[in-house]
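Peer 1:
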Amino acid sequence: MWFRWEMKYSAEALDDHLTTVQRDHEHRSQIEERRIRDDAAREEAKRKEKALQEEKARQERIRAETKVFPFHQVQARLEAERVEKEKAAALEAERKAVKEAAAASEKKSSESVTTASPEASKVSRDVTSQPVRPISAGQKHSTGI
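Numbering-wise, the sequence shown is residues 1 to 145 according to full-length UniProt numbering.
Below is the structure:
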């Protein structure tokens, strides 16, 4: 009787420990994800600010050039800049798609870990709550005991 009582409470303690470890892991993961999102938002804000400053500088340069150079030279240079910006935008869109795909796969993998854990703790409770059965005489000979 004492053995069953002890096994029951040790199984509950193990289950409580595993639950605590899982909760701690999830909490740390959430903190890490929040930090990554904040870093990405900061980088995006820096990128937008830099693009805005570059656009202002470009506008000033165009105003100055239109006073000095003929119009058709300015138009050719503007067309070249437009093509360059389109290429950069396409590259940025591709990078963003790759990041989103990685984030989606990471989210999917974390969801599968979360759904598997309650089942695993249930199995550990079921296994530890079963009484140990003695080895029969036929099993002793087959295992070499």
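A virtual CB, placed ideally from N, CA and C, is assigned to each residue, including glycine. All figures in this text were calculated on a predicted structure; none of them were measured in a lab.
Taking the straight line between their C-alpha atoms, what separation do you get for Leu14 and Glu106?
Peer 2: Computed Cα separation, rounded: 28 Å.
Peer 1: Just how far apart, CA to CA, sit Ala57 and Val21?
Peer 2: Cα to Cα, the separation comes out at about 54 Å.
Peer 1: What is the rounded straight-line gap between the Cα of Thr19 and the Cα of Ser10?
Peer 2: Their Cα atoms are separated by approximately 14 Å.
Peer 1: Might you give, ordered along the chain, the residues of its own chain that have their beta carbon closer than 7 Å to the beta carbon of Glu65, omitting 5 neighbours on each side?
Peer 2: Same-chain partners within the cutoff: Val74.
Peer 1: If you draw a straight line from the alpha carbon of Ile36 to that of Val68, how long is it in whole angstroms?
Peer 2: Between Ile36 and Val68, the C-alpha separation is close to 48 Å.
Peer 1: To the nearest angstrom, how far is it from the Cα of Ala80 to the Cα of Arg23?
Peer 2: When rounded, the distance between both Cα atoms is 55 Å.
Peer 1: Taking Cβ positions, are Leu78 and Ile62 nearer each other than 9 Å?
Peer 2: Yes, they are a contact pair.
Peer 1: Rounded to whole angstroms, what's the CA-CA distance from Ser110 to Ala97? Just pull it up for me.
Peer 2: Near 20 Å, if we compare the C-alpha coordinates of Ala97 and Ser110.
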